[in-house]
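Engineer: Before I ask anything, here is the structure I am working with.
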Amino acid sequence: MIEFTLDGRPASAQEDELLVHAAARNGVFVPTLCHDDKLDPYGGCRMCVVGVEGSSRPLPACATRVSAGMVVSTNSNVPQLRKTLTEMLLSEHLNANPGGRPNELVDLARELGAEAPLVLPDAKREPYADRNRLMGYEPDTCILCNRCVRYTQEVMQCSALSLEGRGPEARIVPTWERSWLDTECELCGGCLSVCPTGAIYEKFLEGAGVEERQLEQTKTTCTFCGVGCQIDLNVDPETKRIVKVTSKPEYVSNEGDLCVKGRFSFNFVHHPDRLTEPLVRGEDGELHPATWEAALAAAADGLKGVIRRHSAQAIGVLASARLTNEENYLIQKLARIGLGTNSVHSCEAT
Amino acid sequence: MIGSNTTEAHPVLALRIKKAVRKGATLVVADPRAIWLTKIAKRHLQLRPGSDVWLLNAIMHTILEEGLHDEAYVREHTEDFEAVREVVARYPPEEGERWTGVPAEAIRATAREYATERHAAIFYTLGITEHACGVDNIWSLANLVLMTGHLGYESTGLNALRGQNNVQGLNDSGANPTYLPGYQPVDDPVVRAKFSEAWGIEVPERAGFRLDQIMSGLHDDRIKALYLIGENPGHTEPNAHHVAEGLSKLEFLVSQDIFLSDTAERYADVVLPASSFAEKDGTFTNTERRVNRVRAAVPLPGNARGDRQIVLDLARELGCDWPEYPDAESVWNELADLCPNWFGIRYFRLEDEGLQWPVASLEDEGSRFLHEKTTARPSGRGKFHPVEYQPPIEEPDADYPFVLSTGRTLYHYNSGAMTMREDGITDKQRDPFFEISAEDASSLGVLDGDWVRLVSRRGDLQARAQVSARVFPGLVWMALHFAEAKVNWLTHDVGDPLIGTPEYKVSAVRLEVL
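Quick mapping for you: the protein sequence lines, in order, are chains L and X.
Taking the working numbering, the leading residue of the first sequence gets 932, the next gets one more, and so forth.
Taking the working numbering, the leading residue of the second sequence gets 5, the next gets one more, and so forth.
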């Protein structure tokens, strides 16, 4: 541990700790926009600048490491700087809240009492149409913090997104301005999960009229592979349908990261092909809807018939990794003492 | 990484590997295909499908020849080492190069790096297990880990990456012919007596059939009825035309699922509409043995029922007198009460994050890795199994000159019942395709995207050629996800002699240009 001074009080930090983290542990919250703990220190947006004695300019807390004896001030001229920076970002921020998506810049502005002093006449940036149905990009909401591009480079280690153009024309594009579907993008949606302003967003929510902050979140375990990513199913309380899937950095096993299936394959839950009635095969050889009573009786009679004509050993039961431990436990119990066979297995036998 | 296309099959775990490499870890990938991870790997051992035993024996040959094994660990914690020493002496890397296609120097370098790095871990997936010599492959890996003492502490070991969400838990909870819940052997009379007493009915003594035995039983009159829960063997089992023929002979078939599978549509007598993961409470156990909570977020559609409810309803209908089980937790508690390694896992401890078994008591914080003090065997010693190379069951010949290997892609899941219904994802990958080398494509006159017929001794299908640098000449690769072109029409069904795992990774096919 090393000692330093924070706003006139003694404070301690770990060797090489970033100032933004050390300040937080000592009870001083420094706002950030371009910073993400998953990513390398960047110091792009300057929202987190603090005064450091001996430095002629304020330094970004997200990219400055604490050193012993450092004297740090977050309350001299820093608040005014922060407000000015916020105003500058707001003046280019023509579409602050599309679709009611959360926006850290707007939250910060509200907190600081900052408003855009003027709207830059040439601030309007070109959107681009893309045929993918999962992710959209709204350039007038983007603050060019580059978190999305850095996520693709540092975490995914691909070159799916780029920062293109300069000055008022700058925007984020899939590399070479191709479709999201034609780059090496794996559609994991990591870019939208790190976007602080909602500039990259779930395209399928466009026009859905869902106020995001009213969604009900249920934490559960993803159903697509053995990693066991922890996810939040975001359910619209009115329709009782899952409208999107998110995760959080503090979740173990996946630290908030997801893949294309975990994030975007949830519509199957509400698909019209879902089975909603029991079916029993009739005399005509076709499957017909039936009541549960009839279907369960038919299932039990059919299995009992096979036991009577042959033996319990003539029945095979195939359970599934789709099911929970509890369901599999009951299925093997049913096979063993309900039907009388140990022949219970599954395609996960590999 | 051996036999694991991690960025596609376990994409989020692959992020950890990418991160480790970025921080300076050495990555070696052994895989017949130039998968994504080879881009950041120090070395790619591009072995021929099915030559894993040769490769691993040659690595061990080098380790022993150069004295890089952990003698103290071998002496104190293992048995039968000499048997392996004898066998691997006959597997020099130079000869290995001819069998595996991997340069001898790459084999030697990998052996040195693995043996001399204290924090060296092996990860494998179905590229290792889905062979007729799957058990041999695992034993070879275990031999390698044991002789270098790479287990029992962090960032080491032999790590299976479980393919599906609850493969680990399915086996933990006893959906297995050999084991009652908690890997308690069903052929042990003391274990049977314990469960019989807890359940109030005698657990049958007669050995059950494994999956492959159930499948072959369809054809020889041993199996007359199947109860399928969330399974579609007509798609996912090898030699699928033959499977369908077997299913047509059944006297009775029950399918419990969320969609009507093509198997159920043709052969089921009763179909029971069940619950998706988003509609149920319970637990899944992940590949690191972490028991995680599953929580219902949305109501069931129509008259569908939860799978727990359906099994309980069916049990009642069959005349079982079972406890009430009002919720998933009550089922879990019965399991945990009966299984010592799970005893300390209770729902109230899983609220924030899961626990990794073994968890013996309520005070036990769980186990991040296994074999810390001793190995799990009764003797407390890890056992070496000498393994000789066996060629794959079906090798290419003049009529069927290509090796076909199968697997999964990032965008889909198994039979595609869920992911093929996602428009946003099928925009990226919908049509059946197979990977073929540029050399083979050019000699056949096939262009990228052309439709080609793949023919094996068991069936044929049409898929689009994807001309790819991932495969070498003579090898084609195809995923299992496509309902209209089931690659399992082509695969053969001769599995591992000990456990029956199918050889999805090696079949012989020919290509017919359309």
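Idealized CB from N, CA, C, for every residue including glycine.
Small disclaimer: the values here were computed from a predicted structure and weren't measured.
Please check if any C-beta of chain X sits within less than 7 Å of the C-beta of ALA1245(L).
Structural biologist: Put simply, the CB of ALA1245(L) is near chain X, with a gap under 7 Å to one of its CB atoms.
Engineer: Along the segment 227-250 of chain X, where does the CB come closer than 9 Å to a CB of chain L? Name the residues.
Structural biologist: ILE227, LYS228, ALA229, LEU230, TYR231, LEU232, ILE233, GLY234, GLU235, ASN236, PRO237, THR240, GLU241
Engineer: For a test of the three-state rule: what should DSSP assign to ARG940(L), helix, strand or coil?
Structural biologist: In the structure shown, ARG940(L) sits in a strand (DSSP, three-state: E or B).
Engineer: Between THR289(X) and ASP176(X), how many whole angstroms is the CB-CB distance? I'm expecting something under 8 Å.
Structural biologist: Contact check for THR289(X) and ASP176(X): beta-carbon distance about 6 Å, within the 8 Å limit, so the pair qualifies.
Engineer: Who are the Cβ neighbours of PRO107(X) in its own chain at under 8 Å, not counting the five residues just before and after it?
Structural biologist: GLU101
Engineer: Just how far apart, CA to CA, sit LEU494(X) and GLU235(X)?
Structural biologist: 20 Å
Engineer: List the residues that DSSP assigns as beta-bridge partners of SER511(X).
Structural biologist: LEU408(X)
Engineer: Thinking GLU398(X) and ALA512(X) are a contact (beta carbons under 8 Å), I'd like their distance in whole angstroms, please.
Structural biologist: Between GLU398(X) and ALA512(X) a beta carbon distance of about 5 Å is seen, short of the 8 Å cut, so the two are scored as contacting.
Engineer: I'd like to confirm the pairing. Which residues does DSSP put opposite GLU1133(L) in its beta bridges?
Structural biologist: MET1066(L)
Engineer: Using only the alpha-carbon positions, how far apart do GLY1187(L) and CYS1119(L) sit?
Structural biologist: One C-alpha to the other measures close to 12 Å.
Engineer: Relative to chain X, which residues along the segment 1252-1263 of chain L have a C-beta separation below 9 Å, given in chain order?
Structural biologist: Cβ contacts with chain X: ALA1252, ARG1253, LEU1254, THR1255, ASN1256, GLU1257, GLU1258, ASN1259, TYR1260, LEU1261, ILE1262, GLN1263.
Engineer: Mind checking whether LYS253(X) and VAL1237(L) have CB atoms under 7 Å apart?
Structural biologist: no
Engineer: With 16 as the cutoff for other CB atoms within 10 Å, does LEU1051(L) come out buried or exposed?
Structural biologist: exposed
Engineer: Could you give the C-beta distance for GLU392(X) and VAL91(X), rounded to a whole number, given that I count them as a contact under 8 Å?
Structural biologist: 6 Å
Engineer: Against chain X, does ARG1078(L) count as a neighbour if the rule is that its beta carbon must be under 7 Å from one of theirs?
Structural biologist: no
Engineer: For LYS284(X), which of helix, strand or coil comes out of DSSP?
Structural biologist: coil
Engineer: Contact criterion: CB-CB distance below 7 Å. Does TRP493(X) meet it with respect to chain L?
Structural biologist: no
Engineer: Quick check: the Cα distance between VAL1176(L) and CYS979(L), rounded to an integer number of angstroms?
Structural biologist: 30 Å
Engineer: How about LYS1171(L): is its C-beta nearer than 7 Å to some C-beta of chain X?
Structural biologist: yes
Engineer: Identify every residue that forms a DSSP beta bridge with GLU934(L).
Structural biologist: Paired residues: SER943(L).
Engineer: Does the Cβ-Cβ distance between VAL1003(L) and VAL1037(L) come in under 7 Å?
Structural biologist: In this structure, VAL1003(L) sits away from VAL1037(L), with a CB-CB distance that is not shorter than 7 Å.
Engineer: For a contact defined as C-beta to C-beta under 8 Å, what are the partners of LEU318(X) on chain L?
Structural biologist: LEU1227, ALA1230, ALA1231, LEU1265, GLY1269
Engineer: Since ILE440(X) sits in a beta bridge, which residues does DSSP pair it with?
Structural biologist: VAL471(X)
Engineer: Just to make sure I have the definition right: I need the residues of chain X whose C-beta is within less than 8 Å of the C-beta of TRP1223(L). Which are they?
Structural biologist: Annotation: Cβ neighbours of TRP1223(L) in chain X (cutoff 8 Å, chain order): ASN307, ARG309, ASP317.
Engineer: With a threshold of 7 Å between beta carbons, is GLN1088(L) in contact with chain X?
Structural biologist: yes
Engineer: Report yes if the C-beta distance between THR1151(L) and VAL298(X) is below 7 Å; otherwise report no.
Structural biologist: Their beta carbons are under 7 Å apart, which means THR1151(L) touches VAL298(X) by this criterion.
Engineer: Which parts of the segment 113-182 of chain X are runs of the beta strand (DSSP E), unbroken and 3 residues or longer, counting only runs that do not cross its ends?
Structural biologist: Fully enclosed beta strand (DSSP E) runs of 3 or longer: 126-128, 162-164.
Engineer: With respect to the beta strand (DSSP E) encompassing PHE256(X), which residues constitute its N-terminal and C-terminal limits?
Structural biologist: 256-261
Engineer: Which residues mark the beginning and the end of the alpha helix (DSSP H) in which GLY1193(L) is found?
Structural biologist: 1191-1195
Engineer: For GLN1161(L), which residues in chain X fall below 8 Å Cβ to Cβ?
Structural biologist: ASN296, GLU357
Engineer: Where are the beta strand (DSSP E) runs, 3 residues long or more, that stay fully inside the segment 1091-1131 of chain L, in chain order?
Structural biologist: 1092-1095, 1102-1105
Engineer: Find out if the Cβ-Cβ distance for the pair VAL274(X), VAL258(X) is shorter than 7 Å.
Structural biologist: Yes, Cβ-Cβ distance for VAL274(X) and VAL258(X) is below 7 Å.
Engineer: Could you give the DSSP three-state label for VAL497(X): helix, strand or coil?
Structural biologist: Correcting the residue identity first, residue 497(X) is Asp in this sequence and not Val. When DSSP states are grouped into helix, strand and coil, ASP497(X) belongs to the coil group.
Engineer: Counting contacts by CB-CB distance shorter than 7 Å, is GLY1120(L) in contact with chain X?
Structural biologist: no
Engineer: Going along the chain, which residues of the segment 412-424 of chain X sit with their C-beta nearer than 7 Å to a C-beta in chain L?
Structural biologist: LEU414, TYR415, TYR417, MET422, THR423
Engineer: One question on the structure: do PRO96(X) and ARG112(X) come within less than 7 Å of each other, judged by their Cβ atoms?
Structural biologist: Pairing PRO96(X) with ARG112(X) gives a Cβ-Cβ distance that is not under 7 Å.
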